[in-house]
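Participant:
There are 2 protein chains.
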Amino acid sequence: MNVLITGAAGFLGRRLVHALTTARRLIGPDGAPLAIDEIRLLDTVPADIPDDARIRVVTGDLSDPAVVEPLVDDRTAAVFHLAAVVSGGAEADFELGMRVNLDGTRLLLDACRTRARCPRFVFASSVAVYGGELPSVVTDATRLTPQSSYGTQKAIGELLVNDYTRRGFVDGRALRLPTISVRPGRPNLALSSFASGIIREPLNGEDAICPVAPDTVLWLLSPAAVIDCFIHAHNLDGAALGSDRSIILPGVSVSVADMVAALERAAGPEVAARVKWQRDPHVERVASTWPGRLDDSRARRLGFPADGSFDAIVRQYIDSLGR
Amino acid sequence: MNVLITGAAGFLGRRLVHALTTARRLIGPDGAPLAIDEIRLLDTVPADIPDDARIRVVTGDLSDPAVVEPLVDDRTAAVFHLAAVVSGGAEADFELGMRVNLDGTRLLLDACRTRARCPRFVFASSVAVYGGELPSVVTDATRLTPQSSYGTQKAIGELLVNDYTRRGFVDGRALRLPTISVRPGRPNLALSSFASGIIREPLNGEDAICPVAPDTVLWLLSPAAVIDCFIHAHNLDGAALGSDRSIILPGVSVSVADMVAALERAAGPEVAARVKWQRDPHVERVASTWPGRLDDSRARRLGFPADGSFDAIVRQYIDSLGR
């Protein structure tokens with residue numbers, strides 16, 4: 040059997056590859072661990088290659104049929120579709136976002152559709168599918184009203200995953216990812232980049248700008264937990280999911296002020312003081328449409344892992360620094 | 040200015056063309072009647088040509104860029120996008136449905152996107168965007184959970200119309216059409232075809248099979264009212280619609296038993312007795328996921344026309360027969 044991971048050179052992709060080539064196992068439809076002959080990694084830039092003979096790296100564009108079609112064959116048992124142009128990128132370059140986030144997702148689903156096997160297909164969606172005037176708690180019944188092209192493209196991806204699943208083309212699982220915090224490295228084009236920056240930069244001795252008001256409530260998940268969620272989503276029996284293959288992942292609901300308070304508890308007031316409050320109307324306008332509190336009870340019932348608190352998320356990040 | 044109508048040879052398209060070339064006027068963004076130089080009609084089969092020098096008929100495939108792109112230019116003020124592969128057709132031929140209902144809609148939106156003018160874009164969506172376990176009354180806040188490929192493609196079209204509107208590429212209005220009854224002519228591939236057949240065939244002296252249980256509740260709109268709705272949707276000021284461009288059209292909620300009772304009131308027991316009750320599990324399974332009752336208060340507040348009752352709909356059909 041083979042496994043495909045798109046966006047494999049990205050922050051989450053690299054961690055997923057690491058997990059699958061070390062401690063973590065994928066479970067097949069028969070309930071037994073999947074015997075993996077090959078792990079195919081797609082990204083636009085060469086992915087890091089862990090020391091594992093099963094890895095095959097493909098560098099190319101997700102929206103290019105000549106790249107995507109050969110990635111899936113009759114032995115493809117699992118697809119983790121993480122590749123995307125992020126929110127800020129899809130807003131800045133509409134055509135690029137449509138091509139990668141919509142056409143690319145469809146190409147990949149169609150590559151699965153035309154094969155003998157019906158692979159388990161884990162799709163990284165996002166809470167950006169929500170927006171506008173939302174109820175105080177977003178639930179599984181809440182309508183998807185994205186207020187960005189990225190959110191629109193993710194909502195379309197969810198609809199496709201559900202229909203392709205209903206028709207038996209894939210065995211899909213569309214996960215609505217919370218904002219991931221704390222991401223290591225540098226800021227990215229995502230409008231939610233500050234949700235990591237206000238913890239990461241101060242711990243690195245740098246100032247960080249918080250572009251939203253202190254009482255802005257975010258819905259967060261740690262890098263470690265989201266990787267566990269990807270693997271758990273794959274390993275679930277499709278029957279447990281029923282016909283609705285879109286899942287609100289578990290998250291922590293926390294205000295930006297409380298995030299900085301958690302940083303202060305973990306690293307002291309001097310570090311927390313490196314967060315500078317400088318509101319950016321553009322970021323603030325978009326962030327005000329993100330849901331801050333979601334009903335994640337379905338995911339919890341399905342056994343998806345969760346973070347205990349934002350303090351635990353900050354500790355996880357500090358531990359990862361190896362200090 | 041010019042106006043484009045896709046699906047112009049279809050049942051609703053022909054009526055819309057007739058209305059626009061006779062009594063009905065389109066209102067432009069300035070509040071004045073639109074001066075129409077040309078009415079472009081697209082369909083896969085040649086559309087009937089009313090006696091109007093402004094009409095230009097294009098016969099071609101909506102999913103062919105060479106056909107679609109020249110249909111929109113800098114003087115296109117209004118697009119009525121009615122063309123679609125219907126529910127049964129999109130379920131039977133998945134690729135055809137995706138190509139016409141998804142790729143075609145996107146081609147048309149992109150043709151508008153790349154022009155100087157931002158046309159009013161009226162998109163015929165459907166209550167097929169709903170499905171599965173629904174609340175007793177479907178509202179504007181109800182999540183779209185289509186249970187057919189047709190419904191999925193319409194839901195995607197709505198998301199695109201909303202995002203293209205948000206970005207200023209079109210001034211969109213996506214109308215969730217009820218099942219249209221009574222359609223004249225012959226049965227079609229739509230799974231809801233019986234909703235017209237059980238009235239039309241008995242009035243034509245023929246037996247009609249009702250494939251669902253008598254207590255099945257449908258959400259219906261008459262052919263005359265839906266044409267009025269298309270024109271009203273176009274003529275509304277975008278500001279009145281706000282950011283949510285998807286609109287539940289007004290409808291009549293009626294059980295199949297009550298539809299046949301209305302037929303009996305209008306045409307007598309002998310005619311009504313021509314309805315044969317013969318349940319079809321496939322149609323019944325799909326029909327059971329259609330919403331029977333929707334909150335159409337937003338459309339009514341916006342002044343969309345509605346039918347008074349199913350009795351009025353039956354009378355409208357009988358009158359149209361000219362008997």
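Heads up: the protein sequence lines correspond to chains A and B, in order. Position one of the first sequence corresponds to residue 40 (the working numbering), numbered consecutively onward. Position one of the second sequence corresponds to residue 40 (the working numbering), numbered consecutively onward. For each residue, glycine too, the CB sits at the ideal point set by N, CA and C.
#1: Tell me which residues share the same chain as E240 (chain B) and place their Cβ nearer than 6 Å to its Cβ, disregarding the 5 neighbours each side in the sequence.
#2: Less than 8 Å between the CB atoms is what I'm expecting for R332 (chain B) and W258 (chain B), so what's the real figure, rounded?
#3: For D283 (chain B), return the contacting residues in chain A, with the cut-off set at a CB-CB distance below 8 Å.
#4: Is S450 (chain A) near V221 (chain A), with beta carbons less than 9 Å apart?
#5: Check each candidate in A:P185, A:S164, A:G170, A:T178 and name the one with the smallest Cα separation from V200 (chain A).
#6: From this set, B:L81, B:F162, B:T144, B:E245, which residue's C-alpha is nearest R53 (chain B)'s C-alpha?
#7: Comparing the C-beta of L198 (chain B) with each C-beta of chain A, is any distance below 9 Å?
#8: So, under 8 Å CB-CB, P253 (chain B) and V310 (chain B) are touching, yes? Tell me the CB distance rounded to an integer number of Å.
#9: Less than 9 Å separating the beta-carbons of I286 (chain A) and A194 (chain A)?
#10: Hey, quick one: how far does the beta strand (DSSP E) through F343 (chain B) stretch, first residue to last?
#11: In angstroms with no decimal places, state the Cα-to-Cα distance between S261 (chain A) and G127 (chain B).
#12: Over the uninterrupted beta strand (DSSP E) stretch that includes G373 (chain B), give me the two end residues.
#13: Does the count of Cβ pairs from the region 179 to 197 of chain B and the region 308 to 322 of chain B closer than 8 Å reach three?
#14: Short check: CB of A116 (chain B) to CB of V209 (chain B), under 9 Å?
#15: Does any residue of chain B bring its CB to less than 9 Å from the CB of S188 (chain A)?
#16: Below 8 Å, how does it come out for the region 129 to 149 of chain A and the region 169 to 181 of chain A: are there three or more Cβ pairs, yes or no?
#17: Whose CA, out of B:A122, B:L135, B:I237, lies closest to the CA of Q317 (chain B)?
#18: For T153 (chain B) and L141 (chain A), what's the separation of their Cα atoms in angstroms?
#19: Contact defined as beta carbons within less than 8 Å: I believe V56 (chain B) pairs with A47 (chain B). What is the distance between those atoms, to the nearest angstrom?
#20: Which class does L199 (chain B) belong to by DSSP, given the choice of helix, strand or coil?
#21: First and last residue of the alpha helix (DSSP H) that includes N11 (chain A)?
#22: Are the region 275 to 283 of chain B and the region 349 to 358 of chain B in contact at 8 Å, needing three or more beta carbon pairs?
#23: If you draw a straight line from the C-alpha of G67 (chain A) to the C-alpha of V111 (chain A), how long is it?
#24: Apart from the five residues just before and just after T275 (chain B), which ones in its own chain have a Cβ nearer than 8 Å to its Cβ?
#25: Using a Cβ-Cβ distance under 9 Å, would A180 (chain A) count as near chain B?
#26: Taking only runs that begin and end inside the region 108 to 145 of chain B, name each unbroken alpha helix (DSSP H) of 4 or more residues, in chain order.
#27: If you draw a straight line from the C-alpha of V84 (chain B) to the C-alpha of L148 (chain B), how long is it?
#28: Below 9 Å between beta carbons: does that hold for V125 (chain B) and P330 (chain B)?
#29: Who are the Cβ neighbours of D319 (chain B) in its own chain at under 6 Å, not counting the five residues just before and after it?
#30: Figure out for me which residue from A:L242, A:R215, A:L216 has the closest Cα to the Cα of R225 (chain A).
#31: What's the gap between the Cα of V325 (chain B) and the Cα of G290 (chain A)?
#32: Residues of chain B with CB under 8 Å from T191 (chain A), in chain order?
#33: To which residues does DSSP link C249 (chain B) through a beta bridge?
#34: For F343 (chain B), return the contacting residues in chain A, with the cut-off set at a CB-CB distance below 7 Å.
#35: If the cut is a Cβ gap below 7 Å, which residues of chain B does A194 (chain A) touch?
#36: Return yes when the Cβ of F160 (chain B) is within less than 9 Å of the Cβ of F269 (chain B), no when it is not.
Facilitator: Considering the structure as presented:
#1: Within the same chain, E240 (chain B) has close Cβ partners A247.
#2: With a Cβ gap of about 7 Å, R332 (chain B) and W258 (chain B) count as contacting.
#3: The answer, in chain order, is G171, T184.
#4: One cannot answer for residue 450 (chain A) here, as it falls past the ends of chain A, which runs 40 to 362.
#5: Closest in alpha carbon position to V200 (chain A), among A:P185, A:S164, A:G170, A:T178, is A:S164.
#6: Of the residues B:L81, B:F162, B:T144, B:E245, the one whose Cα lies closest to the Cα of R53 (chain B) is B:L81.
#7: Judged by the 9 Å Cβ criterion, L198 (chain B) is in contact with chain A.
#8: Here P253 (chain B) is actually not in contact with V310 (chain B); their C-beta atoms are around 17 Å apart, not less than 8 Å.
#9: No; because the gap between Cβ atoms is not below 9 Å, this pair is not in contact.
#10: Note, F343 (chain B): premise wrong, no beta strand (DSSP E); not H, not E.
#11: It is roughly 44 Å from the alpha-carbon of S261 (chain A) to the alpha-carbon of G127 (chain B).
#12: One cannot answer for residue 373 (chain B) here, as it falls past the ends of chain B, which runs 40 to 362.
#13: Fewer than three beta-carbon pairs drawn from the region 179 to 197 of chain B and the region 308 to 322 of chain B are found closer than 8 Å, and the two stretches are therefore not classed as touching.
#14: Here A116 (chain B) is not near V209 (chain B), since their CB atoms are 9 Å or more apart.
#15: For S188 (chain A), the answer is yes, since a Cβ of chain B falls inside 9 Å of its Cβ.
#16: Touching, no, given that fewer than three Cβ pairs across the two stretches are closer than 8 Å.
#17: Distance check between Q317 (chain B) and each of B:A122, B:L135, B:I237 places B:I237 closest, using alpha-carbon atoms only.
#18: Here the C-alpha atom of T153 (chain B) lies approximately 19 Å from the C-alpha atom of L141 (chain A).
#19: Contact check for V56 (chain B) and A47 (chain B): beta-carbon distance about 6 Å, within the 8 Å limit, so the pair qualifies.
#20: Reduced to three states, the DSSP call for L199 (chain B) is helix.
#21: Look at the range of chain A in this structure, 40 to 362, and you will see that residue 11 (chain A) is not part of it.
#22: The region 275 to 283 of chain B is not in contact with the region 349 to 358 of chain B.
#23: For G67 (chain A) and V111 (chain A), the distance between alpha carbons rounds to 17 Å.
#24: As written in the sequence, residue 275 (chain B) is Leu, which differs from the Thr given in the question. Cβ-Cβ distances below 8 Å link L275 (chain B) to R212, L341, G342 in the same chain, with the five nearest sequence neighbours on each side left out; the list follows chain order.
#25: Answer yes: the Cβ-Cβ gap between A180 (chain A) and chain B drops below 9 Å somewhere.
#26: For the region 108 to 145 of chain B, whole alpha helix (DSSP H) runs of length 4 or above, ordered along the chain, are 126 to 131, 133 to 136.
#27: Distance between the alpha carbons of V84 (chain B) and L148 (chain B) is about 22 Å.
#28: Not closer than 9 Å, so no.
#29: Hits under 6 Å: P250.
#30: Selection A:L242, A:R215, A:L216 evaluated against R225 (chain A) yields A:L242 as nearest (Cα-Cα).
#31: Computed Cα separation, rounded: 35 Å.
#32: Here the neighbours are L198, L199, N201, D202.
#33: Residue pairing for C249 (chain B): DSSP places it in a beta bridge opposite B:W316.
#34: Listed by position along chain A, the residues whose Cβ is nearer than 7 Å to that of F343 (chain B) form an empty set, because the closest Cβ is around 20 Å away.
#35: Contacts between A194 (chain A) and chain B, judged by CB atoms closer than 7 Å, involve L198 in chain order.
#36: F160 (chain B) is positioned such that its CB atom lies no closer than 9 Å to that of F269 (chain B).
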